[in-house]
Structures are given as C-alpha cells and as structure tokens.
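So the structure is just underneath, and the comments pick up after that.
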Amino acid sequence: SLQRHHPLRASVTPFITFFNMLLRTSHQRIDSPRGSRSRAPLLVLAAKGKGGDKKGGSKKGVSALAGLMKKKQEAEEAKASVAQPGSERASPEQYRDPEVRGLLFALATSYFQATKKYLVDGVDLEQLPDALFNANFVLLSHDRFLEGVTDPVFTYANKAALELWDTDWDTLIGMPSRKSALDDPEVQKDRQALLDKAAATRAGVITGYDGWRVSVAGKKFKIKDVTLFNILDFGGDKIGQAAVFDKYELEDGTEVQVKGGAWEAPQVELPPTEADVAAAATAVEEQAAAVRQLKEAQGLTNQDPEVQAAVAELKARKERLERLRHMQEEALAAAESAFEGADSS
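Here the sequence shown is numbered in this note's numbering, starting from 49 and rising by one per residue.
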C-alpha cells in the first residue's frame, strides 16, 4: 500500500493547482503522444507544501512500487507462458491499482514538465488509468534510480505495449527492461546509452530515438520517434524512466501506427478555476452596484421594470457564483477522497 509520505502522493488543499498536468478545458482529443501546445485554460489544483523527507534524502521504502513489484514478481515466477492472441493482457484491477495510479500521476506530470505537452486530454485522476492503458500510443516505464536497483524492471505497460511485446501484465511487470531489446552487445549498448543520456540530461528527456527491440515471443521490430523521459516524484527526485511512441517498423520495412483500445473520455463539465470563481464574484458585485445606482441615483423602486430586470440579473449572477463554488468544493472533496483511498489500500 501507499506509504503515508510516499513521494508519488501529495495531499491536496486549495482547489487550484493540483491537476495542472492532467486536465485542460479543451475537449479535443490528442492523436499522438507528442500532444498539443495549446494555451487553453488549465484546470489546476494546489498541492500542500511538502513535509516529511527532504529532497535528496534516503529512498528506503520510498516507492509504493516496491510492494507492487513483490506481488507481481511472485506471480511472474510461477508463470513463464506468453499470452496468446486474443487473451486478456491485463485486468482493470491491475492497471487501476492505487500504487499504479500514483505512478501514472507522477508519470503524466513528469511528461508535461519535460515536454510541455499532454499525454492524454480531458481526463481526471479517476479516469487516468483507463485513458493511458487504452491510449493510441505505447507507454512503458521502469524503476531506474530507486535505491538498490541495479537491473531495472518494468513497472508499467499499457495495452499497446503489451500487444507489441506479445505478452501480458503478469509477465512484463517485474521483468528486467533490458530484455525488451535483443540480447546482443551492440543493441544493449545502444539502449543503455539512451537511458544514460536521459538520466544525465538536465531536462530529463530525449526525443526522436529509433531502435530495434524484440517481443517476448521473439518478434523483432524497430520502435520509432521515441520520447524517453525521467519520472520525478513530488520532491523532484528521480524514481524511474518512461518511454512513449506511436509507431514502429516491422522487419520487412512496414511501418505500423499504434492503435489504442475502445475507451473514450466521457464528456464532463470541468470544475472551475479560482479565476472563474473570482470573475463570478466580481460580476455579482458589479450588478449589485448597478441595482443600487438605479435606486439611489435615479430614485427608482422595486416596482420599476428597470429595477426588476436588474434584480433578476443579480439573482442569476449570485446563483452562478454559488454553483461554481459548489463544483469547486465537490472537486476538492473528490481529489482528497482519491488519495485517502490510496493511503488506506
């Protein structure tokens, strides 16, 4: 279960800076992991300042993935078979696991910080596991940088990744990530150089990489235009690396575009930002002043049509303000509930 001060967890208070890297008010779907640079208004939630461990401190027990790895490894050791075509690659319980959800939040925010682009569009924290698992791009991560890790293992793979590597969740999660490439000195050297370059890069991101890989069943393919980035926790410490791409090439030279699952982001009304609430409050004050002006400066009464119309507008603006505040409170409660549920898991 998630540790109380786990670096992939943050407690949320004032409603306006927390989902910064996850949500946009635009409902346009992204067809590529490289996303959009639109400056559409962001829905943001503020996180509390960190307490607990200081940046750069010990990482003993730092990852909720430790427990995840243990559970998955037990299943992997007893299972050596490759998933057959058409079989279930992963269950919702696996890719919606609270520990996985925490990793995905850190992954999504790290991707945005590194690229200023979005992995998925118009989803909230609750929808994030399904959106990323069924996305129309390959997404993988491993646990490099964690204390004691000398041979990084996979910590996440979405449906497109599991299909490309011709395997399932129990087989891939916990498998050394070096096994995703051919057991050839030159291939492994090229792969390691890529990982080391990203680790040493200040921005923590490498783009445009192409390289040959091999599925669990032995099928060779070249991944193309890959973006590799470091995954950071809320303290800014590195806890892993992830790769994302949306096309690959077969041995015969055929280029294949990655296709995602059937999941579609539901159309939802996004909670308001602090700016939205402030603007609504200002509108109420301005309309109240207009009503006073009609009565005090012009001597009109509540029986006059002009005053009645102005009062009706004031009432409508007050109702809108209350509705926005209520939506904001509900969103904050939902965010807090999501992390409380992860904490108690």
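Glycine is no exception: its CB is placed at the ideal position from the N, C-alpha and C atoms.
Check                                                                                                                                                                                         : Outcome
Looking at Ser189: is its Cβ nearer than 8 Å to the Cβ of Tyr166?                                                                                                                             : no
What number of angstroms, rounded off, separates the C-alpha of Arg226 from the C-alpha of Gln236?                                                                                            : 7 Å
For Gln289 and Leu230, which I take to be in contact (beta-carbon distance under 8 Å), what is that distance rounded to the nearest angstrom?                                                 : Not a contact, Cβ separation roughly 20 Å.
Can you pull the DSSP bridge partners for Glu297?                                                                                                                                             : Lys270, Glu303
Which residue from Val355, Asn184, Met223 puts its Cα closest to that of Asn206?                                                                                                              : Asn184
Note down the Cα distance separating Thr321 from Tyr296, rounded to an integer number of angstroms.                                                                                           : 40 Å
Note down, in chain order, each residue of its chain lying with its Cβ closer than 6 Å to the Cβ of Thr255, except the 5 sequence neighbours on either side.                                  : Thr275
Whole angstroms are fine: how far does the CA of Ala357 sit from the CA of Ala329?                                                                                                            : 19 Å
Would you grab the beta carbon distance between Val171 and Leu212 for me? Rounded to a whole angstrom, and I think it's under 8 Å.                                                            : Not quite, the Cβ-Cβ distance comes to about 23 Å (not below 8 Å), so this is no contact.
Starting from the C-beta of Gln76, find all residues in its chain whose C-beta is less than 6 Å away, skip the five residues before and the five after it, and write them out in chain order. : Model confidence at Gln76 stands at a pLDDT of 33, short of 50, so the residue's coordinates are unreliable; what they give is reported in the following sentence. Excluding residues within five positions, none has a Cβ falling inside 6 Å.
Which class does Thr157 belong to by DSSP, given the choice of helix, strand or coil?                                                                                                         : helix
With a threshold of 16 other CB atoms inside 10 Å of the CB of Gly301, please say whether the residue is buried or exposed.                                                                   : exposed
Around the Cβ of Asn278, are there at least 16 other Cβ atoms within 10 angstroms (buried) or fewer (exposed)?                                                                                : buried
Quick check: what's the CA-CA separation for Pro146 versus Pro224?                                                                                                                            : 23 Å
Cα-Cα, which of Arg144, Gly284, Ala247 is closest to Gln175?                                                                                                                                  : Arg144
Leu362 by DSSP, collapsed to three states: which one?                                                                                                                                         : helix
Which residue from Glu234, Arg261, Leu194 puts its Cα closest to that of Ala209?                                                                                                              : Arg261
Identify whether Leu251 lies in helix, strand or coil by the three-state DSSP scheme.                                                                                                         : It should be noted that the sequence gives Ala, not Leu, for residue 251. Looking at Ala251 - three-state DSSP - the assignment turns out to be coil, as it is neither helix nor strand.
Would Val359 pass as a contact of Val332 if the rule is Cβ separation under 8 Å?                                                                                                              : no
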